[in-house]
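Trainee:
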Amino acid sequence: MAQALTLARPYARAAFGAARAEQQTASWAACLAFAAQVALDPQIVALHGDPRVTPGQMQALHLPPDAASGGAFARFLEVLAVAGRLRLLPYIRDEFDALLRESESTLEVNVTSAQALDEAAQARLGEALARRYGRRIQLSLRQDPALLAGVVLEVAGEVIDGSVRGRLQRLAGALTHGD
-12 MAQALTLARP YARAAFGAAR AEQQTASWAA CLAFAAQVAL DPQIVALHGD
38 PRVTPGQMQA LHLPPDAASG GAFARFLEVL AVAGRLRLLP YIRDEFDALL
88 RESESTLEVN VTSAQALDEA AQARLGEALA RRYGRRIQLS LRQDPALLAG
138 VVLEVAGEVI DGSVRGRLQR LAGALTHGD
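Numbering (our numbering), first residue to last: -12 to 166.
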């Protein structure tokens, strides 16, 4: 994965630069999301390296239906197809999205909660995190009943465990090790 990410990063930067120059970052993000989804499809994965499938055909498979076949995104896909790098599209999409969030001063926060958070709780959490980090917050929500109660936040490489399960684990560790 590290090698794929290393290979994908320059393509993501180039894509972001092209999208920004055209003032089409949202459009490119949508196109990359589509193309990355296609790249993950097992039937498409099986076509990689098949000598009967040309780079042009692979490019066409990854091009969103509403994207211009001669447009900048199509040319970007062509570069990837000719270089045999279409498999990198999920990594390119992730890197592109990170560059987009950075440019918009947006921080992605993964929130894992024991139960679904209602809109009011999401808003309070987003506001508190925005005050703490000084950036706009984009919440990515997930449920895990094993947490028992509370939430676990993953923010910029930092994990904040406010779950009951986490507290019980810390208490057990303290009792076991005499801390």
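Just so you know, even glycine gets a beta-carbon here, dropped at the ideal spot from N, CA and C. Predicted, not measured: the structure shown is a model, and the values here were computed from it.
Tell me the rounded alpha-carbon separation between A1 and E89.
Mentor: Each residue's alpha carbon lies about 15 Å from the other.
Trainee: Starting from I236, follow its DSSP beta bridges and name the residues at the other end.
Mentor: The displayed coordinates of the chain run from -12 to 166. Any statement about residue 236 would go beyond what the structure contains.
Trainee: With Q125 and S100 assumed to form a contact (beta carbons below 8 Å), what rounded beta-carbon distance in angstroms separates them?
Mentor: That belief does not hold up - the Cβ atoms of Q125 and S100 are roughly 16 Å apart, past 8 Å.
Trainee: In chain order, what residues of the same chain lie with their CB nearer than 8 Å to the CB of R7, ignoring the 5 residues before and after it?
Mentor: Excluding positions up to five away in sequence, the list reads S90.
Trainee: Can you tell me whether DSSP reads L104 as helix, strand or coil?
Mentor: The answer is coil: DSSP assigns L104 none of H, G, I, E or B.
Trainee: Apart from the five residues on each side of it in sequence, which residues of its chain come closer than 6 Å, Cβ to Cβ, to L(-8)?
Mentor: Closer than 6 Å at the Cβ level, and outside the excluded window around L(-8), lie Y78.
Trainee: Indicate whether A20 and L73 have their beta-carbon atoms separated by less than 7 Å.
Mentor: Not closer than 7 Å, so no.
Trainee: Spell out the partners DSSP gives Q156 in its beta bridges.
Mentor: Q156 pairs with nothing; no bridge assigned.
Trainee: Can you pull the DSSP bridge partners for L140?
Mentor: Answer is V98, I147.
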